[in-house]
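K.L.:
Sharing a structure with you now.
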Amino acid sequence: YAQARDDLLGARPWFLGQPVGRNDTALAQGVTRHANWKLDRDGVGDVYLESLHLAVMLGTAFPKVSWRTEIDTHEATADVLVDEAGEPVADENGALVTSAVGAEAAAAGRKVRWQKRRITKQEVIFNGIEAHNLHFGDVAFDNTAKKLDLLYTDFFHAFEMPLADAGRTFGL
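Positions 852 to 1023 (our numbering) are the ones given, in order, by the sequence shown.
In structure tokens form, the structure reads like this:
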């Protein structure tokens, strides 16, 4: 186990951006720093270490690495830029103007004023890598198959989710 751990997970950085042209050095260094920061922040190394331990002790491991984005949607009261008719003024991206930044450009010579409104806001809570090991008992192996092909092997992965989140996620 120790030798495999050192061989597979001992060297840093795991990902290295190689510059292609003469002017790509700064970009390659930035890509390397960002990729390794994401992996360290989201605990991918710990999951791979656990996967290696499971593979050595049990003979197999099923790490699952995916990208997860969690967005919180809520209503809030905000000052919104509106025109003379009371219609909200949108910026060049189609978003409501809720701050002085860009208000002059969005108004484009029209008479506008600020008005308190209830608006729907979205905030990104988490946007990154999610990694964990699937339990070997969740794998639906075909006992009659001549060889194991994970491409066609089903996983019955159980998880818990609050009822409100399930309704929003699955449109119930």
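Beta carbons are placed, not taken as given, at the ideal position from N, Cα and C, and that holds for glycine.
Which same chain residues end up closer than 8 Å to R863 when comparing Cβ atoms and leaving out the 5 residues on each side of it in sequence?
P.N.:
As a position in the sequence shown, residue 863 is number 12, starting the count at 1. Once the five neighbours on either side are set aside, the close Cβ partners of R863 are N887.
K.L.:
So, helix, strand or coil for R919, using DSSP?
P.N.:
Here residue 919 is taken as the residue at index 68 of the sequence shown, counted from 1. Three-state result, R919: strand.
K.L.:
What separation, rounded to the nearest whole angstrom, lies between the Cα atoms of R919 and I976?
P.N.:
Here residue 919 refers to the residue found at position 68 when the sequence shown is read from its first residue. Here residue 976 refers to the residue found at position 125 when the sequence shown is read from its first residue. In a straight line, the C-alpha of R919 is about 10 Å away from that of I976.
K.L.:
Please state whether the Cβ-Cβ distance between V808 and L932 is less than 7 Å.
P.N.:
An answer regarding residue 808 cannot be provided, because it is not within the stretch 852 to 1023 covered by the chain.
K.L.:
Determine, using beta carbons only, whether A927 comes closer than 7 Å to chain C.
P.N.:
No chain C appears in this structure, which consists of one protein chain only.
K.L.:
Of the choices V916, T876, D858, A877, whose alpha-carbon is the least far from that of N984?
P.N.:
Residue mapping note: residue 984 aligns to position 133 of the sequence shown, counting from 1. Checked all of V916, T876, D858, A877; the closest Cα to N984 is V916.
K.L.:
Check whether the stretch 899-907 and the stretch 873-884 are in contact - that is, three or more C-beta pairs closer than 8 Å.
P.N.:
Cβ pair count under 8 Å is below three, so no.
K.L.:
Work out the CA separation of E981 and F913 for me, nearest whole Å.
P.N.:
Here residue 913 corresponds to residue number 62 of the sequence shown, with the count starting at 1. Here residue 981 corresponds to residue number 130 of the sequence shown, with the count starting at 1. Rounded to whole angstroms, F913 to E981 spans 14 Å at the Cα level.
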